[in-house]
């Protein structure tokens, strides 16, 4: 997703990728080394967020 004027979000790839994918996630930087993954569109899951960090071993829950 990219930022556009007015604070709206626009998915990279436009309509082609938006129709080809069933689940959409928004990844953003949190505080310090923390990252946040937000599930914004899924046919079988509610909207939710999860915090994580990347370290030498890979993904780690926060």
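Numbering (full-length UniProt numbering), first residue to last: 1 to 62.
Every residue, glycine too, gets a C-beta built ideally from N, C-alpha and C.
Measuring CA to CA, which of 22, 10, 18 is closest to residue 45? It is 22 whose Cα lies nearest to the Cα of residue 45.
Starting from residue 28, follow its DSSP beta bridges and name the residues at the other end. Note: residue 28 sits in a beta bridge opposite 36.
Between the C-alpha atoms of residue 42 and residue 24, what's the straight-line distance to the nearest angstrom? Looking at the two C-alpha atoms, the distance is approximately 7 Å.
Going by beta carbon distance, what residues of the same chain come within less than 7 Å of residue 17, once the five residues before and after it are set aside? Excluding residues within five positions, the ones whose Cβ falls inside 7 Å are 11.
Report yes if the CB atom of residue 40 is closer than 9 Å to the CB atom of residue 47, and no otherwise. Yes, Cβ-Cβ distance for residue 40 and residue 47 is below 9 Å.
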